[in-house]
Amino acid sequence: MSALKQGHGQWSSRMGFMLAAVGSAVGLGNIWKFPYMVGQSGGAAFVAVYLICIAMIGLPIIVAEWMIGRRGQKNPINTMADLAEANGRSKGWVMVGVSGTLAGFLILSFYSVIGGWALSYLIDAVSGGFTGMDKDAAGAAFSGMLGNPGSLTIWHTAFMVLTAGVVAMGVAGGLERASKILMPALGVLLALMVGYGAASSGFGQALEYLFAPDFSKLTGEVVLAALGHAFFTLSLGMGVMIAYGSYLGEKVDLLRAARTVAIMDTVIALAAGLAIFPIVFANGLDPAAGPGLIFVTLPLVFGQVTGGVILAGMFFLLLTFAALTSAISLLEPSVELLQERTPLGRVGATLLASAVIWALGIAALLSFNVWSDVLIFGNNIFDLLDKLTSKFLLPLTALGAVLFVGWCLDRDSVRDELNLSSGGFALWNLVVRFVAPIGVLVVFVSSL
Ligand code: PHE
């Protein structure tokens, strides 16, 4: 393993690293996307496939990305260049770092727009804005927000400022410290919401919906959606986990840490389902409402029930925390790159990266209103950014990372680093050389 680069940030503790990694993994994907995907893709059948994807493909790729980062101790691009050279491989492997860093950068531009929605709903929630809303009013509030470029810009800007503020404070002082505060708070809020759900009349139905699989609903499309989501939710394929690995010391057991992150991420996604679906069922609403599930369906309920203001405030605070700890991780690879490759310091690098991402985010949010007719290859800018990243950059980066670890790194050093028995190592090799790459390829090819 290379010696630590002078001045390169480091996590201050294993716990801090774990919380930051879980903070990255747990985001809008868990609280917003997972529940509505479950709703649209056949409930528990989707959940079952998703769990298999996490274990067979997600887990080995987290380990691969951390291992690359920890060995390189630099930003993802330089790390890949160094490792390719040290292992006598083609310089072309640097593309893994390039596409990962680019993916994180592009994703943050529209992730921040949605983070802005969360902030805006948080303020609405605590100021009693949902009270007495009916179905039409809830739908109109959401489309009204999307149709207003001015307010979208304000909230996107506010979210980006929060994100940059944390990242500017550094790895231990910013990313780690924020995760140490926000993640436990998120856990408490979520537990309270699940408690509320458990006490409601919809809980039994929600349990059945999430955990009693109806495999007749399982189609190829559902499997693909589950696999794609497994990537997104574990923050894979965007340089994030490579960057987080680059701040990691030699003592951390990567397999154990990856298992913990995967379990926590999954538990939190399921808990989000157990917080949201009981409310949906108890009020006779449609669980398959799609992306509007938490922005239209939930506010409607919050506006009706007693204690709705508190409940709504808790929910959107939870959502904001989840989004923020993911957004900071998306910014990190670009900042690490600028810091190491330009004369800029941490603060300057953060400002520059966030300013460009912010500007791109403006283009993304305008696609909901004034630029809604601006179509590139038939997609508006927001959808284009989403598709470009999730369909191309993410799978390609993840594929490259896992193939590099499986086929290019020296076998003995990998085995030592993972501390595996010979049986365990054989299984590891099977998974990183074949199972995970083939899984990723299947998603990649079929989504084209
Ligand atoms: N994993 C985050 C989520 O589930 C999203 C994310 C993707 C964050 C990539 C960082 C990097 O919302």
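No gaps in the numbering here: position 403 of the sequence shown is 403 in UniProt numbering, and each next residue is one more. Ideal Cβ positions, reconstructed from N, Cα and C, are used throughout, including at glycine.
- C53 has its alpha-carbon roughly 13 Å from the corresponding atom of L441.
- Annotation for A282: the continuous alpha helix (DSSP H) segment containing it runs L254 to A282.
- N30 sits in a helix when the DSSP states are folded into three classes.
- The beta carbons of P278 and G202 sit closer together than 7 Å.
- Membership of D383 in the alpha helix (DSSP H) is indicated by the continuous run I381 to K387.
- Going by DSSP, N429 is part of the alpha helix (DSSP H) stretching over S422 to L430.
- Taking the C-beta atoms as reference points, L394 is found no nearer than 7 Å to A84.
- Short note on V240: C-beta closer than 6 Å to some heavy atom of the ligand PHE.
- The C-beta of N419 has fewer than 16 other C-beta atoms within 10 Å across all chains shown, which makes the residue exposed.
- Residue pairing from DSSP places I376 in a beta bridge opposite N379.
- When C-alpha distances from L430 are compared across M56, V22 and Q10, the shortest belongs to M56.
- Shown here, V188 sits in a helix according to DSSP, grouped into three states.
- DSSP, read as helix, strand or coil, puts T131 in coil.
- Per DSSP, the unbroken alpha helix (DSSP H) holding L108 starts and ends at V94 to V126.
- Of the candidates A363, F392 and A81, the residue whose Cα lies closest to the Cα of I381 is A363.
- Here the alpha carbons of A20 and M241 stand approximately 10 Å from one another.
- A check of alpha carbon separations from L152 across R346, S112 and P76 identifies S112 as the nearest.
- Under the three-state reduction of DSSP, M169 is assigned to coil, being neither helix nor strand.
- Distance from the CA atom of A140 to the CA atom of K74, rounded to whole angstroms, is 47 Å.
- In its chain, beyond the 5 residues on either side, A243 have a beta carbon closer than 6 Å to the beta carbon of E332.
- DSSP, reduced to helix, strand and coil, places R89 outside both helices and strands of the structure shown, so it counts as coil.
- DSSP places P35 in the helix class (H, G or I) of the three-state scheme.
- Residue side-chain check: N30 places its Cβ nearer than 6 Å to a non-hydrogen atom of the ligand PHE.
- Residue range G308 to R341 is occupied by the alpha helix (DSSP H) that includes Q339.
- Its chain contains T101, G104, F105 and A353 as the residues whose beta carbon lies nearer than 7 Å to that of S334, once the 5 sequence neighbours on both sides are disregarded; these appear in chain order.
- The stretch 190-199 makes no contact with the stretch 401-409; the number of CB pairs closer than 8 Å stays below 3.
- Residue environment: S421 is assigned as exposed (fewer than 16 neighbouring CB atoms within 10 Å of its CB, all protein chains considered).
- Here the distance from the Cβ of A25 to the nearest heavy atom of the ligand PHE is below 6 Å.
- A distance criterion of 6 Å places the beta-carbon of T389 beyond contact range of the ligand PHE, judged by its closest non-hydrogen atom.
- Under the DSSP assignment, E208 falls in the alpha helix (DSSP H) whose first and last residues are F203 to F211.
- A direct Cα-Cα distance of roughly 39 Å separates G303 from T350.
- Shortest gap from the CB of S354 to any heavy atom of the ligand PHE: 6 Å or more.
- Note on E336: 16 or more other CB atoms within 10 angstroms of its CB, so buried under the neighbour-count rule.
- With respect to the C-alpha of V309, the residue from Y36, K91, D124 and M18 having the closest C-alpha is D124.
- By alpha-carbon distance to H8, the top candidate from G72, P60, A64 and I68 is G72.
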